[in-house]
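Chemist: As they're listed, the protein sequences go chains A and B.
Sequential numbering of the first sequence, starting at 150, is according to my numbering.
Sequential numbering of the second sequence, starting at 150, is according to my numbering.
For every residue, glycine included, the Cβ atom is placed at its ideal position computed from N, Cα and C.
The structure's right below; bear with me while I get my questions together.
2 protein chains.
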Amino acid sequence: MTVKSRRSREAPPPAADGDTEQRILEAAHRVFVRRGTAGARMQEIAAEAGVNHALLHYYFRSKAALARAVFQTVARRLLPPVMAALGSDAPIEEKVEQVIHLEIDHLSQHPFLPAYLIGELHHDPQRARELATAALQADPAQVRPRVMATLRRQIAEAVRAGTMRPITPEQFTVNLLSLCIFPFAARPMLTTMLGLDQKAYERFIAQRRAELPAFFLRALRP
Amino acid sequence: MTVKSRRSREAPPPAADGDTEQRILEAAHRVFVRRGTAGARMQEIAAEAGVNHALLHYYFRSKAALARAVFQTVARRLLPPVMAALGSDAPIEEKVEQVIHLEIDHLSQHPFLPAYLIGELHHDPQRARELATAALQADPAQVRPRVMATLRRQIAEAVRAGTMRPITPEQFTVNLLSLCIFPFAARPMLTTMLGLDQKAYERFIAQRRAELPAFFLRALRP
DNA sequence: GTCATGTTTGACAATCCTGTTAAACGCAAC
DNA sequence: GTTGCGTTTAACAGGATTGTCAAACATGAC
């Protein structure tokens, strides 16, 4: 267990020999997402980063601080793109398709983040505050009203044009995100209940990506 | 800290002075759902049940065994009603409304179970097996095909009658459950992002309960 | 009353986990 | 080369956590 053997006995460092701090953060990301904050062990993170576990405390003060850093990374990766897409000025029919494709493509690359986020927020709802302030680059109370106002205006115009039924922007948003996110968050449940292996699950998601926009737009029709 | 003081210093036992084993199970239910299996502490469960923590090991062998018992209780409470409703012989238009109302009413009484389930299954996907065998009273491989076959037949008939677009029973089911369950699982996220206090959240859910059936049925129309 | 049996408890053992520290290491500046 | 400084490590301290056990306790049978 000499110093030299350290690198060789560990799995290949994820990001080559990049910054130790960055390697630790990436290892922490994997372990916290996999086990949850409560179930994660500093020792496991250290092993996965290929460093002594004292280093975790050298770069990050404590487990709680490291967990917070990971949580904010996840929040920043997950929320801003959707908020931007939802609040854009694209016509609402196009926006629906854009959000669905963006979200499903994004989650296909990070399939475990929704379940991680839901679990963390459930066990420690106070983190929702971090979520909001960190994820939206500004105040939560500034971004949200603008997005909702844009949606409300677009919906009202479509209703006046007779192409859409009235719906609050909140219900619109939650309906859209439910259909996109839930199949990832509940993946283990779905694969078991529907008897899907990994390949079948991926086909299932691909089918949703194709069908959801039309499905959703039909539901909005008058 | 005499024996006699035990009862008086604890919070009022939840189920009066029922079976100790039952009181432990109910306390464990609350603590495991609140903190997750990894975050729960046997001591906290014992305190909440008003008993010495050695009793938890007397009635249940270990923390893992107690966690399994709670998990199966939750699974049994959550899944069978939905499966029954989904697989019933009611006309599919009525079924949609029945499932939505059943699910939202049920989850309104147990709002934290979806996030608990999602978190547990995410961190330990092997539990999905327990979920299936425990929740559906029989094999998972027996109930599922029957429910899906019923739905497939009903959808095919509606398609033939020209009242519905084709959709696989799997997508049908996941769409329906996503819209019902996600708002509960992601409650802390939604309340923060949409700026809802508890009252507003309850109104939001009530509105969904009223609007979702028509929303969903419109999406199915040809 | 006392005996037997199933409960309950306090105390303890063993391990696990987080966080600290002093020393070793490596390397750049001089 | 040696000095200084940021990095890394091994070892340890302190406390939390799960699990065990022998003894005390209650309660009904006799």
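Are at least three pairs of beta-carbons, each pair with one atom in the stretch 347 to 361 of chain B and one in the stretch 350 to 361 of chain A, less than 8 Å apart?
Modeler: Cβ pair count under 8 Å is below three, so no.
Chemist: What separation, rounded to the nearest whole angstrom, lies between the Cα atoms of B/M191 and A/G268?
Modeler: Taking the straight line from one Cα to the other gives about 20 Å.
Chemist: Rounding to the nearest angstrom, what Cα-Cα distance links A/P229 and A/A218 in this structure?
Modeler: If you take the alpha carbons of A/P229 and A/A218, they lie about 17 Å apart.
Chemist: State the Cα-Cα distance for the pair B/P362 and A/L174, rounded to the nearest angstrom.
Modeler: Taking the straight line joining both Cα atoms gives about 45 Å.
Chemist: Compute the Euclidean distance between the alpha carbons of A/D168 and B/L343, then round it to the nearest angstrom.
Modeler: Rounded to the nearest angstrom, the two C-alpha atoms are 38 Å apart.
Chemist: Using the three-state DSSP reduction, which class does A/S327 fall into: helix, strand or coil?
Modeler: Three-state result, A/S327: helix.
Chemist: Name the chain B residues whose beta carbon is nearer than 8 Å to that of A/H272?
Modeler: Going along chain B in sequence order, the residues near A/H272 (Cβ under 8 Å) are R183, R184, G185, G188 and G268.
Chemist: Do A/R370 and A/R302 count as a contact pair if the criterion is CB distance below 9 Å?
Modeler: Their beta carbons are not under 9 Å apart, which means A/R302 does not touch A/R370 by this criterion.
Chemist: Determine the contact status of B/A216 and B/A176, defining contact as a CB-CB distance below 9 Å.
Modeler: Against a cut-off of 9 Å, the Cβ pair of B/A176 and B/A216 comes out as no contact.
Chemist: At 9 Å on the CB atoms, spell out the chain B contacts of A/A290, in chain order.
Modeler: The answer, in chain order, is G344.
Chemist: Taking 9 Å as the CB-CB cut-off, is A/L215 touching chain B?
Modeler: By this cut-off, A/L215 is not an interface position.
Chemist: In three-state terms, what does DSSP make of A/S154?
Modeler: Summary for A/S154: the model assigns pLDDT 28, below 50, so the residue's position carries little reliability; its value from the coordinates is reported in the next sentence. Three-state DSSP puts A/S154 in a helix.
Chemist: Answer with buried or exposed for B/E351, where buried requires no fewer than 16 other C-beta atoms within 10 angstroms of its C-beta.
Modeler: B/E351 should be labelled exposed.
Chemist: Rounded to the nearest angstrom, what separates B/F321 and B/L262 at their Cα positions?
Modeler: Spanning the two alpha carbons is a distance of roughly 23 Å.
Chemist: Write down the C-beta distance between A/V248 and A/V231 rounded to the nearest angstrom, noting that I regard them as a contact closer than 8 Å.
Modeler: That belief holds up - the Cβ atoms of A/V248 and A/V231 are roughly 7 Å apart, short of 8 Å.
Chemist: Give the DSSP-derived three-state secondary structure of B/M342 in the structure shown.
Modeler: Residue state, collapsed to three classes: helix.
Chemist: Just the C-alpha distance for B/L345 and A/H271, rounded to the nearest angstrom, thanks.
Modeler: C-alpha separation (whole angstroms): 16 Å.
Chemist: Of all the CB atoms in chain A, is at least one closer than 9 Å to the CB of B/F365?
Modeler: Yes, contact with chain A.
Chemist: I need the DSSP call for A/E159, collapsed to helix, strand or coil.
Modeler: With a pLDDT of only 30 at A/E159, under the threshold of 50, the placement of this residue in the model should not be trusted, and no figure is reported.
Chemist: Can you tell me which of A/A284, A/T312 and A/Q258 puts its alpha carbon nearest to the alpha carbon of A/A233?
Modeler: For A/A233, the nearest C-alpha among the options comes from A/A284.
Chemist: Quick check: what's the CA-CA separation for B/R276 versus A/H259?
Modeler: Taking the straight line joining both Cα atoms gives about 22 Å.
Chemist: Could you give the DSSP three-state label for A/H271: helix, strand or coil?
Modeler: Note: A/H271 maps to helix in three-state DSSP.
Chemist: Verify whether the separation of the beta carbon atoms of B/A198 and B/R226 is less than 9 Å.
Modeler: In this structure, B/R226 does not lie closer than 9 Å to B/A198 by Cβ.
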